[in-house]
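Asks: Using our numbering, you'd call the opening residue of the sequence shown number 2 and step up by one each time. Sharing a structure here in structure tokens format.
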Amino acid sequence: MPGYVYLLLLFLLMAGARNSYAQQGQVKPPRPVLQDSVKQDTLQLNGGALEPLPSEQPRQYEQQIINSADLEIDGLIIDKTITKTGRDFYDVFQRQWEAPAGARNFTILIEELPSPGNISIVSLSVNEDKLFEQPLQPRYDTIEEVATYMVGVVYEYLANDRLNKQLEAEGKKAREVF
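See below:
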């Protein structure tokens with residue numbers, strides 16, 4: 002009989018140990034929190050007014066971005082063509098295009114107007130100023146020649162526009178632009 006008692010006690014001890022081990026597996030121990038990883042408050046109370054902490058002040062370049070009114074994407078070339086002729090014109094223009102240094106806040110729009118027959122009417126605008134509108138024949142050499150010419154026209158337009166803006170900023174007027 003005493004052997005049975007020892008076995009029974011041993012069984013009860015093992016069952017109790019198993020239950021306490023299972024409970025330990027279910028309860029996750031608290032993780033240590035590192036002081037550096039805790040984000041500090043961004044606002045503190047000073048005399049009843051909320052003010053940003055000195056470490057959270059915007060940096061100089063961020064302040065320039067916030068203050069600038071130039072929130073436009075520079076140098077977009079928008080394709081609104083319909084036919085292969087218009088698409089070829091856009092492709093040639095886009096491949097050869099390189100913006101002048103310092104040119105900002107401009108968008109180039111290439112669109113095609115429907116026309117009867119084999120001819121496409123292609124127009125090119127820079128910042129809503131129409132610079133070019135011409136019927137094009139579906140010959141690649143003609144398209145390439147006109148697109149190359151228009152790259153030069155747009156480049157010159159943007160360079161002159163930049164010069165005029167500089168003169169206006171200095172309080173002078175442009176005399177004539179050739």
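Where is the CB? At the ideal position from N, CA and C, for every residue including glycine.
Take the Cβ of VAL154 as the centre, count every other Cβ of all protein chains shown within 10 Å, and call the residue buried at 16 or more, exposed below.
Replies: Result: exposed.
Asks: Among PHE90, LEU77, ALA160, which residue has its Cα nearest to the Cα of ASP142?
Replies: Minimum Cα distance to ASP142 is reached at PHE90.
Asks: Measuring straight from C-alpha to C-alpha, what distance separates GLN61 and LEU125?
Replies: Approximately 39 Å between the Cα atoms of the pair.
Asks: So the beta strand (DSSP E) ASP255 belongs to, where does it begin and stop?
Replies: With the chain covering only 2 through 179, there is no way to say anything about residue 255.
Asks: What is the DSSP secondary structure of GLN135, reduced to helix, strand or coil?
Replies: It is a strand residue.
Asks: In this structure, does DSSP put GLU99 in helix, strand or coil?
Replies: The answer is coil: DSSP assigns GLU99 none of H, G, I, E or B.
Asks: Taking 8 Å as the threshold, find out whether the stretch 83-99 comes into contact with the stretch 133-148 through three or more Cβ pairs.
Replies: Touching, per the Cβ criterion.
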